[in-house]
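Okay, structure first, notes after.
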(Lines of atoms letter the chains of each structure in order from A and count residues from 1; the text may use other names and numbers.)
(Lines give C-alpha, C1' and ligand atoms only; values in the text may rest on other atoms or scores of the structure.)
Protein backbone atom coordinates (compact mmCIF):
# COMPACT_ATOMS: atom_id res chain seq x y z
CA UNK A 1 0.00 0.00 0.00
CA UNK A 2 2.82 2.32 0.87
CA UNK A 3 4.52 1.41 -2.46
CA UNK A 4 1.30 2.14 -4.36
CA UNK A 5 0.83 5.39 -2.44
CA UNK A 6 4.30 6.60 -3.45
CA UNK A 7 3.59 6.12 -7.16
CA UNK A 8 0.14 7.63 -6.82
CA UNK A 9 1.56 10.75 -5.20
CA UNK A 10 4.35 10.90 -7.80
CA UNK A 11 1.83 10.66 -10.65
CA UNK A 12 -0.29 13.33 -9.04
CA UNK A 13 2.69 15.70 -8.72
CA UNK A 14 3.74 15.08 -12.33
CA UNK A 15 0.18 15.69 -13.45
CA UNK A 16 0.00 18.98 -11.56
CA UNK A 17 3.33 20.08 -13.04
CA UNK A 18 2.14 19.28 -16.56
CA UNK A 19 -1.08 21.22 -16.00
CA UNK A 20 0.87 24.18 -14.63
CA UNK A 21 3.27 24.10 -17.59
CA UNK A 22 0.42 23.94 -20.06
CA UNK A 23 -1.41 26.71 -18.25
CA UNK A 24 1.72 28.89 -18.21
CA UNK A 25 2.33 28.27 -21.92
CA UNK A 26 -1.31 29.00 -22.72
CA UNK A 27 -1.21 32.16 -20.63
CA UNK A 28 1.95 33.33 -22.36
CA UNK A 29 0.36 32.69 -25.74
CA UNK A 30 -2.80 34.53 -24.74
CA UNK A 31 -0.75 37.47 -23.49
CA UNK A 32 1.28 37.51 -26.69
CA UNK A 33 -1.85 37.35 -28.86
CA UNK A 34 -3.58 39.95 -26.74
CA UNK A 35 -0.58 42.26 -26.52
CA UNK A 36 -1.31 45.77 -27.70
CA UNK A 37 0.49 47.26 -30.66
CA UNK A 38 2.28 49.73 -28.41
CA UNK A 39 3.64 47.02 -26.11
CA UNK A 40 4.78 44.98 -29.13
CA UNK A 41 6.55 47.98 -30.63
CA UNK A 42 8.35 48.74 -27.38
CA UNK A 43 9.36 45.12 -26.75
CA UNK A 44 10.59 44.58 -30.33
CA UNK A 45 12.17 48.04 -30.55
CA UNK A 46 10.71 48.44 -34.06
CA UNK A 47 7.79 50.50 -35.38
CA UNK A 48 6.50 49.05 -38.66
CA UNK A 49 4.89 51.82 -40.72
CA UNK A 50 2.76 51.35 -43.82
CA UNK A 51 3.10 54.27 -46.23
CA UNK A 52 1.60 55.34 -49.52
CA UNK A 53 3.53 53.80 -52.44
CA UNK A 54 3.49 57.06 -54.40
CA UNK A 55 1.88 60.23 -53.13
CA UNK A 56 4.12 63.23 -53.56
CA UNK A 57 4.99 65.09 -51.32
CA UNK A 58 3.90 62.68 -48.54
CA UNK A 59 5.61 59.47 -49.63
CA UNK A 60 7.67 58.93 -52.78
CA UNK A 61 11.01 57.68 -54.10
CA UNK A 62 13.84 60.15 -54.60
CA UNK A 63 17.34 59.07 -55.59
CA UNK A 64 16.55 55.52 -54.56
CA UNK A 65 15.36 56.55 -51.10
CA UNK A 66 11.83 56.87 -49.72
CA UNK A 67 11.16 60.43 -48.58
CA UNK A 68 8.20 62.70 -47.86
CA UNK A 69 6.15 64.37 -45.17
CA UNK A 70 4.76 61.07 -43.86
CA UNK A 71 8.27 59.59 -43.73
CA UNK A 72 9.50 62.53 -41.66
CA UNK A 73 6.50 62.26 -39.34
CA UNK A 74 7.03 58.52 -38.85
CA UNK A 75 10.72 59.05 -38.10
CA UNK A 76 9.82 61.64 -35.48
CA UNK A 77 7.23 59.32 -33.90
CA UNK A 78 9.76 56.48 -33.71
CA UNK A 79 12.32 58.85 -32.20
CA UNK A 80 9.88 59.92 -29.48
CA UNK A 81 9.03 56.26 -28.78
CA UNK A 82 12.73 55.42 -28.61
CA UNK A 83 12.51 52.71 -31.27
CA UNK A 84 13.68 52.06 -34.82
CA UNK A 85 11.37 52.43 -37.80
CA UNK A 86 10.74 50.18 -40.80
CA UNK A 87 8.73 51.35 -43.81
CA UNK A 88 6.43 49.19 -45.90
CA UNK A 89 5.14 50.57 -49.22
CA UNK A 90 2.77 48.11 -50.94
CA UNK A 91 2.12 48.07 -54.66
CA UNK A 92 -1.34 49.52 -54.10
CA UNK A 93 -2.68 51.98 -51.54
CA UNK A 94 -5.68 49.69 -51.01
CA UNK A 95 -3.36 46.99 -49.62
CA UNK A 96 -2.53 49.04 -46.51
CA UNK A 97 -5.59 48.26 -44.38
CA UNK A 98 -5.43 44.50 -45.09
CA UNK A 99 -1.72 44.61 -44.14
CA UNK A 100 -2.61 46.32 -40.87
CA UNK A 101 -5.34 43.82 -40.09
CA UNK A 102 -2.94 40.94 -40.83
CA UNK A 103 -0.43 42.38 -38.33
CA UNK A 104 2.17 42.93 -41.05
CA UNK A 105 2.48 46.57 -39.99
CA UNK A 106 1.77 48.46 -36.76
CA UNK A 107 0.42 51.73 -38.10
CA UNK A 108 -0.60 53.42 -41.35
CA UNK A 109 0.79 56.90 -41.98
CA UNK A 110 -0.07 57.36 -45.62
CA UNK A 111 -2.04 60.52 -46.30
CA UNK A 112 -5.12 58.42 -45.58
CA UNK A 113 -8.38 60.34 -45.41
CA UNK A 114 -10.49 59.67 -42.36
CA UNK A 115 -13.74 58.15 -43.61
CA UNK A 116 -16.65 56.38 -41.94
CA UNK A 117 -16.26 53.25 -44.07
CA UNK A 118 -12.57 52.91 -43.20
CA UNK A 119 -13.35 53.48 -39.53
CA UNK A 120 -15.33 50.24 -39.59
CA UNK A 121 -12.08 48.38 -40.23
CA UNK A 122 -9.48 50.45 -38.36
CA UNK A 123 -9.26 53.07 -35.64
CA UNK A 124 -8.09 56.54 -36.65
CA UNK A 125 -6.03 58.99 -34.68
CA UNK A 126 -7.06 62.63 -34.51
CA UNK A 127 -6.10 64.37 -37.80
CA UNK A 128 -2.47 65.24 -38.34
CA UNK A 129 -3.04 67.08 -41.63
CA UNK A 130 -5.95 69.15 -42.88
CA UNK A 131 -6.49 69.54 -46.60
CA UNK A 132 -9.43 69.49 -49.00
CA UNK A 133 -10.79 67.90 -52.14
CA UNK A 134 -10.37 70.03 -55.25
CA UNK A 135 -11.17 69.80 -58.94
CA UNK A 136 -8.64 69.46 -61.76
CA UNK A 137 -10.64 70.73 -64.72
CA UNK A 138 -9.96 70.00 -68.37
CA UNK A 139 -10.79 73.40 -69.86
CA UNK A 140 -11.28 72.11 -73.42
CA UNK A 141 -13.83 69.47 -72.46
CA UNK A 142 -15.38 71.77 -69.86
CA UNK A 143 -16.04 74.43 -72.52
CA UNK A 144 -18.09 71.92 -74.50
CA UNK A 145 -20.25 71.38 -71.44
CA UNK A 146 -20.61 75.11 -70.82
CA UNK A 147 -18.60 75.07 -67.57
CA UNK A 148 -15.27 76.34 -68.87
CA UNK A 149 -15.43 79.51 -66.78
CA UNK A 150 -16.91 77.98 -63.62
CA UNK A 151 -15.15 79.05 -60.43
CA UNK A 152 -16.45 76.43 -58.00
CA UNK A 153 -18.23 73.08 -57.84
CA UNK A 154 -21.61 74.68 -57.10
CA UNK A 155 -21.46 76.74 -60.29
CA UNK A 156 -20.45 73.66 -62.27
CA UNK A 157 -23.38 71.69 -60.95
CA UNK A 158 -25.84 74.58 -61.38
CA UNK A 159 -24.86 75.18 -65.02
CA UNK A 160 -25.05 71.48 -65.89
CA UNK A 161 -28.47 71.20 -64.26
CA UNK A 162 -29.75 74.14 -66.27
CA UNK A 163 -28.32 73.08 -69.65
CA UNK A 164 -29.30 69.44 -69.18
CA UNK A 165 -25.75 68.10 -69.44
CA UNK A 166 -25.24 66.91 -65.86
CA UNK A 167 -25.36 63.28 -66.96
CA UNK A 168 -22.61 63.91 -69.53
CA UNK A 169 -20.03 64.93 -66.93
CA UNK A 170 -17.18 62.39 -66.61
CA UNK A 171 -15.05 62.50 -63.46
CA UNK A 172 -11.75 60.70 -62.96
CA UNK A 173 -10.99 59.29 -59.50
CA UNK A 174 -8.42 56.96 -57.97
CA UNK A 175 -9.73 53.51 -57.18
CA UNK A 176 -10.10 52.97 -53.44
CA UNK A 177 -9.51 56.59 -52.48
CA UNK A 178 -11.98 58.85 -50.65
CA UNK A 179 -13.11 60.86 -53.73
CA UNK A 180 -14.66 57.69 -55.13
CA UNK A 181 -17.24 57.82 -52.32
CA UNK A 182 -17.53 61.62 -52.25
CA UNK A 183 -18.16 62.38 -55.93
CA UNK A 184 -21.69 60.86 -56.10
CA UNK A 185 -22.83 63.17 -53.28
CA UNK A 186 -21.72 66.32 -55.10
CA UNK A 187 -22.27 65.25 -58.71
CA UNK A 188 -25.02 62.61 -58.53
CA UNK A 189 -25.63 62.38 -62.28
CA UNK A 190 -21.99 62.26 -63.33
CA UNK A 191 -20.15 59.16 -64.54
CA UNK A 192 -17.00 58.11 -62.70
CA UNK A 193 -13.92 56.54 -64.21
CA UNK A 194 -11.69 54.87 -61.64
CA UNK A 195 -7.95 54.57 -62.28
CA UNK A 196 -5.37 52.52 -60.35
CA UNK A 197 -3.21 55.48 -59.34
CA UNK A 198 -3.49 59.23 -58.83
CA UNK A 199 -1.09 59.82 -61.70
CA UNK A 200 -3.13 57.67 -64.07
CA UNK A 201 -6.32 59.59 -63.24
CA UNK A 202 -4.61 62.95 -63.75
CA UNK A 203 -3.04 61.82 -67.02
CA UNK A 204 -6.44 60.62 -68.25
CA UNK A 205 -7.92 64.04 -67.45
CA UNK A 206 -5.12 65.74 -69.40
CA UNK A 207 -5.65 63.39 -72.33
CA UNK A 208 -9.35 64.23 -72.38
CA UNK A 209 -10.74 60.90 -71.22
CA UNK A 210 -12.47 62.76 -68.37
CA UNK A 211 -13.84 66.25 -67.92
CA UNK A 212 -12.22 66.64 -64.54
CA UNK A 213 -10.52 64.82 -61.69
CA UNK A 214 -11.40 65.07 -58.01
CA UNK A 215 -8.61 64.57 -55.50
CA UNK A 216 -6.64 66.20 -52.69
CA UNK A 217 -5.67 69.79 -53.41
CA UNK A 218 -1.95 69.33 -52.85
CA UNK A 219 -1.61 66.32 -55.16
CA UNK A 220 -3.49 68.11 -57.96
CA UNK A 221 -1.37 71.27 -57.68
CA UNK A 222 1.92 69.35 -57.48
CA UNK A 223 0.99 67.19 -60.47
CA UNK A 224 -0.07 70.22 -62.50
CA UNK A 225 3.19 72.05 -61.70
CA UNK A 226 5.25 69.04 -62.74
CA UNK A 227 3.33 68.63 -66.01
CA UNK A 228 2.96 72.31 -66.81
CA UNK A 229 4.61 72.00 -70.24
CA UNK A 230 1.76 69.79 -71.50
CA UNK A 231 -1.04 70.96 -69.23
CA UNK A 232 -0.56 74.74 -69.06
CA UNK A 233 -3.47 75.69 -71.30
CA UNK A 234 -5.58 72.57 -70.86
CA UNK A 235 -5.94 72.06 -67.11
CA UNK A 236 -6.65 74.22 -64.08
CA UNK A 237 -7.13 73.50 -60.37
CA UNK A 238 -10.23 75.22 -59.05
CA UNK A 239 -9.66 76.99 -55.72
CA UNK A 240 -10.59 76.73 -52.93
CA UNK A 241 -11.21 73.03 -52.14
CA UNK A 242 -14.92 72.25 -52.15
CA UNK A 243 -14.81 69.72 -49.31
CA UNK A 244 -12.57 69.57 -46.23
CA UNK A 245 -10.46 66.43 -45.92
CA UNK A 246 -8.44 65.15 -42.97
CA UNK A 247 -5.55 62.71 -42.87
CA UNK A 248 -5.34 60.39 -39.89
CA UNK A 249 -3.03 57.63 -38.71
CA UNK A 250 -4.70 54.21 -38.65
CA UNK A 251 -4.14 51.42 -36.11
CA UNK A 252 -5.76 48.06 -35.45
CA UNK A 253 -8.95 47.98 -33.41
CA UNK A 254 -8.52 47.80 -29.65
CA UNK A 255 -5.38 49.91 -29.27
CA UNK A 256 -6.65 52.79 -27.15
CA UNK A 257 -3.28 53.23 -25.45
CA UNK A 258 -1.62 53.92 -28.80
CA UNK A 259 -4.47 56.19 -29.90
CA UNK A 260 -4.10 58.23 -26.71
CA UNK A 261 -0.39 58.65 -27.38
CA UNK A 262 -0.99 59.57 -31.02
CA UNK A 263 -3.51 62.23 -29.96
CA UNK A 264 -0.79 63.96 -27.95
CA UNK A 265 1.82 63.40 -30.66
CA UNK A 266 -0.36 64.91 -33.39
CA UNK A 267 -1.29 67.87 -31.21
CA UNK A 268 2.40 68.62 -30.64
CA UNK A 269 3.17 67.91 -34.29
CA UNK A 270 0.91 70.73 -35.42
CA UNK A 271 1.47 73.15 -32.55
CA UNK A 272 5.25 72.92 -33.01
CA UNK A 273 4.88 73.67 -36.71
CA UNK A 274 6.50 70.41 -37.76
CA UNK A 275 3.92 69.55 -40.42
CA UNK A 276 4.46 72.86 -42.22
CA UNK A 277 8.22 72.51 -41.82
CA UNK A 278 8.23 69.00 -43.28
CA UNK A 279 5.97 70.07 -46.14
CA UNK A 280 8.26 73.01 -46.90
CA UNK A 281 11.17 70.63 -47.45
CA UNK A 282 9.49 69.24 -50.55
CA UNK A 283 7.28 72.07 -51.80
CA UNK A 284 7.56 75.86 -51.92
CA UNK A 285 4.15 76.24 -50.29
CA UNK A 286 2.38 79.04 -48.50
CA UNK A 287 -0.46 78.44 -46.09
CA UNK A 288 -3.29 80.57 -44.85
CA UNK A 289 -2.86 81.06 -41.13
CA UNK A 290 -6.04 81.41 -39.11
CA UNK A 291 -5.72 82.54 -35.52
CA UNK A 292 -8.64 81.83 -33.25
CA UNK A 293 -9.40 84.81 -31.03
CA UNK A 294 -12.29 85.70 -28.76
CA UNK A 295 -13.69 89.09 -27.82
CA UNK A 296 -15.58 89.38 -24.56
CA UNK A 297 -18.41 91.88 -24.59
CA UNK A 298 -18.00 94.95 -22.43
CA UNK A 299 -21.43 94.16 -20.96
CA UNK A 300 -19.98 91.11 -19.23
CA UNK A 301 -19.04 91.53 -15.61
CA UNK A 302 -17.06 88.71 -14.08
CA UNK A 303 -16.46 90.14 -10.63
CA UNK A 304 -17.24 88.54 -7.27
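Residue numbers (mature numbering (1 follows the signal peptide of the UniProt record, and there is no 0)): -28 to -1, 1 to 276. Don't be surprised by glycine CBs; every beta carbon is placed ideally from N, CA and C. Here the structure is a predicted model, which means the values were calculated and not measured.
Is residue j closer than 8 Å to residue i when the C-beta atoms are compared?
i           : j           : result
residue 239 : residue 206 : no
residue 141 : residue 117 : yes
residue 19  : residue 79  : yes
residue 10  : residue 233 : yes
residue 21  : residue 65  : no
residue 176 : residue 165 : yes
residue 167 : residue 146 : yes
residue 235 : residue 41  : no
residue 94  : residue 209 : no
residue 82  : residue 72  : no
residue 158 : residue 214 : yes
residue 63  : residue 29  : no
residue 57  : residue 74  : no
residue 155 : residue 255 : no
With residue i as the anchor, note down where its beta strand (DSSP E) starts and where it stops.
i           : result
residue 165 : 163 to 167
residue 39  : 37 to 39
residue 34  : 32 to 34
residue 21  : 18 to 22
residue 28  : Careful: residue 28 lies outside any beta strand (DSSP E) and carries neither H nor E.
So if DSSP puts residue i in a beta bridge, which residue, or which two residues, is it bridged to?
i           : result
residue 222 : 80 and 96
residue 110 : 207
residue 85  : 219
residue 60  : 22
residue 105 : 188 and 215
Below 8 Å on the Cβ atoms is my contact criterion, and I expect residue i with residue j to pass it. Report the Cβ-Cβ distance as a whole number of Å.
i           : j           : result
residue 220 : residue 86  : 4 Å
residue 196 : residue 151 : The pair is not a contact, with the Cβ atoms about 16 Å apart (cut-off 8 Å).
residue 114 : residue 143 : Not really, about 12 Å apart at Cβ, beyond 8 Å.
residue 237 : residue 44  : Going by Cβ atoms, the distance from residue 237 to residue 44 rounds to 13 Å, so no, they are not a contact pair.
residue 289 : residue 230 : Outside the shown range of the chain, which is -28 to 276, sits residue 289, and nothing can be said about it.
residue 13  : residue 48  : Rounded, the Cβ-Cβ distance is 15 Å, inconsistent with contact.
residue 217 : residue 188 : 6 Å
residue 180 : residue 112 : 7 Å
residue 32  : residue 191 : Not confirmed; about 11 Å, so no contact.
Over what stretch of residues does the alpha helix (DSSP H) that includes residue i continue unbroken?
i           : result
residue 362 : Since the first residue of the chain shown is -28 and the last is 276, residue 362 is not available in this structure.
residue 55  : Residue 55 -> no alpha helix (DSSP H), and no H or E assigned at all.
residue 232 : 228 to 243
residue 73  : 68 to 73
residue 252 : 246 to 252
When you measure from the CB of residue i to every non-hydrogen atom of the ligand NAD, does any distance come out below 7 Å?
i          : result
residue 28 : This structure simply doesn't include the ligand NAD, nor any ligand for that matter.
3 or more residues per run - each beta strand (DSSP E) lying fully within the stretch 142 to 209: Whole beta strand (DSSP E) segments, 3+ residues: 142 to 146, 163 to 167 and 184 to 188.
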